[in-house]
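Numbering of the sequence shown is given in the working numbering, commencing with residue 944 and proceeding in unit increments.
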Amino acid sequence: MNTFALSPQLSASDELKLSDSYSAGLFVEAMQLIRRYEETSSRDLLVRAREVLKRCLAVSPRDPLPSFYLGITQSALGDMDQKEAIPVFKRFIKSTVFPLRAAATYNLAAAYVETYNSTLFGEGIGLLKALLEELTTNGVPIGQSEIIRGLHERLGDRRIRVEQLYYQAQETQDYLHIHLHVWGPRWDSSSVDQIEVAGKHALEKLTKRRRLLKKHERFLGRQHAEIWAWHWNNVGTIHESLAAAARRTKNKGRAHDEAAKAEKAFNDAQDADPSFASSRPNLGRLTFEVLADFGKAIEIFKDVASGVEDTAYAHFCLGQLYTVERKKTQAMSHFRKAPNLLKTERVDSSDWKNVRSYVANHLQKWCQPEPALKLLNQLAKENPSDQGLRSQISDLQNKA
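Quick look at the structure:
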């Protein structure tokens, strides 16, 4: 989600010039590493850029640009709490330099995305709304032709193009909204009708955006692939949520239709940007939760776990999947590789009974009674005096 958009404008700003020639050389080296990272998504390049930026700041601690880009690298490399990056961006959103202020505002919202905190998601939506307004006010009009732009520049207009950041901000704002109002409540007690209305509205909005993205694609520069990937990922997330809602109403035909649309969109995201990491775990989640194709889900999450991003989530899902298949050794091995998620979900990976109860409860929530009953019946055999467990089995059998 983090962006290095507006980097050329930031580097060219007289107000942001580096104060030391040696520091400037280090900064150029770091930016070269960052550019290679954008092209390859190699985490190692970003780690190296972070170390060079730290050296740069050691030489010139008051220079804003090395500090700002260190914040971006820390956000991209950081944990869910984003405790190192968020204070950096909060400092720079007060800058008097428009490109720096705009880039910092976007990256603060992007850092909030990584926290999976609903309160911060709401704050992120507000930040991006204000940013979009400022971009349309202080930047070149979105989609202005090159000929008209040239005429304005000859008349002294020094505004900068902002299409890259503008569309990134729109897609990120939609991502946050979808997670709060469509994807987040897909399995809970929220009204299915409310989810469908919100999902339909979001899809209509994205369809209109798609036409504008095609029209303005030549202005998106190096970010065009990632913007398209996030666009299709948003589309897929909505269809995944609608598939879950259909499953809750036992409309299997609708659930499979929506799941097929979600799968296509997630694959389109991967095709748009092969380095885009989110669509594969999302496809795995769809396959696990909605389609209940456990074998295929295992293969997808194995692939994700062997990569560099979302590996902890992949291991956590593999732990659940092997629990469904009642393969204790494999399940525990994967759970141990996702300690933060175990803590968040309050799962005791050393307690096989606790693990199976957790997974069975989620299978029930995902409207998958048969595999849930298999786990619960196994638990009942091992714990014959547990009346609460027997009542849970009886209730589930009556609903199945």
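Glycine included, every Cβ here is placed at the ideal spot set by N, Cα and C. This structure is a prediction, so every number in the text was calculated from the model and none was measured.
- One alpha carbon belongs to residue 1065, the other to residue 1274, and they sit about 35 Å apart.
- Residue state for residue 1175 is assigned as helix, using DSSP reduced to three classes.
- For the 8 Å CB-CB criterion, residue 1318 and residue 1303 form a contact.
- If one requires a minimum length of 3 residues, no beta strand (DSSP E) run lies completely within the stretch 1021–1045.
- When only Cα atoms are considered, residue 1194 and residue 959 end up about 58 Å apart.
- Pairwise C-beta distances place the stretch 1120–1134 in contact with the stretch 1174–1190, as three or more of them are shorter than 8 Å.
- Apart from sequence neighbours up to five positions away, the residues of its chain that approach residue 1308 with a beta-carbon distance below 7 Å are 1130, ordered along the chain.
- A check of alpha carbon separations from residue 1170 across 1207, 1215, 1075 identifies 1215 as the nearest.
- Of the residues assessed, residue 1221 falls on the buried side of the cut-off, its CB having 16 or more other CB atoms within 10 angstroms.
- One Cα belongs to residue 1090, the other to residue 1237, and the distance between them is close to 55 Å.
- The C-beta distance from residue 1051 to residue 1032 rounds to 4 Å, short enough to meet the 8 Å contact threshold.
- For residue 1004, no alpha helix (DSSP H) run applies, since DSSP gives it neither H nor E.
- With respect to residue 1172, residue 1212 sits close: the two C-beta atoms are nearer than 8 Å.
- If you check the CB distance, residue 1002 and residue 1043 do not come in under 8 Å.
- Counting only runs of 4 or more residues that sit fully inside the stretch 1197–1281, the alpha helix (DSSP H) segments are 1222–1232, 1237–1248, 1254–1267, 1271–1278, in chain order.
- Scanning its chain for C-beta atoms nearer than 6 Å, with the 5 sequence neighbours on each side dropped, one finds no residue around residue 1069.
- Comparing alpha carbon positions, the residue from 1148, 1150, 1121, 1151 closest to residue 1138 is 1121.
- Restricting attention to alpha helix (DSSP H) runs no shorter than 4 residues, the stretch 1129–1196 encloses them at 1135–1158, 1167–1191, ordered along the chain.
- The Cβ-Cβ distance between residue 1177 and residue 1209 does not fall below 8 Å.
- A distance below 8 Å separates the beta carbons of residue 1109 and residue 1078.
- The three-state reading of DSSP puts residue 1017 in helix, counting H, G and I together.
- Going by DSSP, residue 1084 is part of no alpha helix (DSSP H) at all; its letter is neither H nor E.
- In this chain, the alpha helix (DSSP H) harbouring residue 1117 covers 1106–1121.
- Boundaries of the alpha helix (DSSP H) harbouring residue 1339: 1330–1342, taken from the DSSP string.
- For residue 995, the closest C-alpha among the options 985, 983, 1010, 1072 is that of 1010.
- The continuous alpha helix (DSSP H) containing residue 1322 extends over residues 1312–1325.
- No Cβ-Cβ contact shorter than 8 Å links residue 1278 with residue 1300.
- Listed in chain order, the non-local C-beta contacts of residue 1306 below 6 Å within the same chain comprise 1314, 1315, local neighbours out to five positions each way being set aside.
- Under the three-state reduction of DSSP output, residue 1059 falls in the coil class, being neither helix nor strand.
- One thing to note: residue 1107 has its Cβ no nearer than 8 Å to the Cβ of residue 1067.
- Secondary structure at residue 989: helix, using DSSP grouped into helix, strand and coil.
- Excluding the 5 residues flanking it on each side, residue 1262 has same chain C-beta neighbours closer than 6 Å at 1274, 1277, 1278, in chain order.
- DSSP places residue 959 outside any alpha helix (DSSP H), giving it a letter other than H or E.
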